[in-house]
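Everything in the sequence shown is counted per my numbering, starting at 268 for the first residue and increasing by one. Backbone N, C-alpha and C define an ideal beta-carbon position, used for all residues, glycine too.
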Amino acid sequence: MRLHTIVLVSAAVVLAGCSSSSSGGGGDGGGRTPPPLSSSASAGPDGKPRTVAANLEVPWAVAFLPGGDALVTERDSARLVRVTASGDKTTVGTVPGVEPQGEGGLLGVAVSPSYSTDHLIYLYYTAASDNRVVRATYDGRLGTPEPIVTGIPKGPNHNGGRLKFGPDKMLYITTGETGDGPLSQDKDSLAGKILRVTPDGKPAPGNPFGNRVWTYGHRNVQGLAWDDEGRLYATEFGQNRFDEINLIEKGHNYGWPEVEGDEDGDGFTKPLLTWTTDEASPSGLAYADGSLWAAALRGERLWQVPLDNGKAGKPVARFENDYGRLRAVVKAPDGSLWMTTSNRDGRGDPAPDDDRVIDVPLS
């Protein structure tokens, strides 16, 4: 049975317990061990998490609307579900043309930064021949989707799929390399990249290569988050050894498939930190209270990574094995975190009320 509470001990004990070698079960897996922060870090979750919504079918992404309701995508059913803070669930549409296979299906969702005037939302999904990004009006019901980025390579695995609008009001899109590693190094391919586009799907002004590519050399980026200074971070699945959080910088090459984790290589940008793959498989990423928060699938925990001026402190494992596989984490309008389980994706051990959206109060 999944536990629904967690007891937090003192920060010093938690931090000490998270230091381990790559053979251990906690900490950063020995890839890169960040030093302690010079400033104090957030104390972490404060209070008992509560289930906001239950009995969802592989929820993949969450995006908040003005007013506080959230839109949740279901990967395999292709349903878009509105969830209120009180737990009411309403299916507001089924996205046409979605073809779920393996890790593909209805994936990311983002709300237009101009939603109050344009009423647009954005969706990333796997279609018959590609992965694509569409936009549609939403006014209580989902309108007809309009493709704005097509031709993203698809595969049974490594489809990327996260959508986030940045502080610059451009849309950032994560894509996987579909198991074909060399695509990550091909700047003319949309696979294995972080893309940056206008709200119409065109290459954004200032992109480094004159196309939609912002960064390359990625295996399968799953999460994006900006800190208070506008720095962009991304979670990325590794292969056999190390998963990563990267500090994302314009035009940089993050090395896949030539390097994994903290390996050296000319012209490649090293990760901010790494974990062993059994500790993480980090998916969704949020920034709140001075920390990054990474939802871990295989690791079955929520990682808190304190930040100090773009540098990472010791990761702290929260809710380890309490809720199973965690897929998405986002900051809610009230300052709490909403995270989703992914125990019905064929790789988990579902509880009777899975999958769930869980609210985590922060101190």
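Three-state secondary structure (DSSP) at residue 383?
Note: residue 383 maps to helix in three-state DSSP.
How would you call residue 436, buried or exposed, if buried means at least 16 neighbouring beta carbons within 10 angstroms?
Per the 10 Å Cβ criterion, exposed.
With H, G and I counted as helix, E and B as strand and the rest as coil, what does DSSP make of residue 603?
Of the three classes helix, strand and coil, the one that applies to residue 603 here is coil, per DSSP.
What number of angstroms, rounded off, separates the C-alpha of residue 544 from the C-alpha of residue 503?
If you take the alpha carbons of residue 544 and residue 503, they lie about 11 Å apart.
Hey, would you say residue 349 sits closer than 8 Å to residue 359, going by beta carbons?
Yes, Cβ-Cβ distance for residue 349 and residue 359 is below 8 Å.
Could you tell me whether the Cβ atoms of residue 513 and residue 539 are closer together than 8 Å?
Yes, they are a contact pair.
In angstroms, rounded to a whole number, what distance separates the CA positions of residue 411 and residue 529?
Cα to Cα, residue 411 sits roughly 44 Å from residue 529.
Closest by CA to residue 387, which one among 367, 526, 397 and 409?
It is 409.
Per DSSP, residue 378 is paired with what?
Bridge partners of residue 378: 388.
Could you please give the first and the last residue of the uninterrupted beta strand (DSSP E) stretch that includes residue 489?
488 to 493 is the extent of the beta strand (DSSP E) around residue 489.
According to DSSP, is residue 414 helix, strand or coil?
Reduced to three states, the DSSP call for residue 414 is strand.
Using the Cα positions of residue 598 and residue 507, report the straight-line distance between them to the nearest angstrom.
Taking the straight line from one Cα to the other gives about 30 Å.
Just the Cα atoms here: how many angstroms apart are residue 493 and residue 554?
Roughly 7 Å between the two C-alpha positions.
Quick one: Cα of residue 293 to Cα of residue 564, how far?
With a pLDDT of only 34 at residue 293, under 50, the local geometry of the prediction cannot be trusted, and no value is derived from it.
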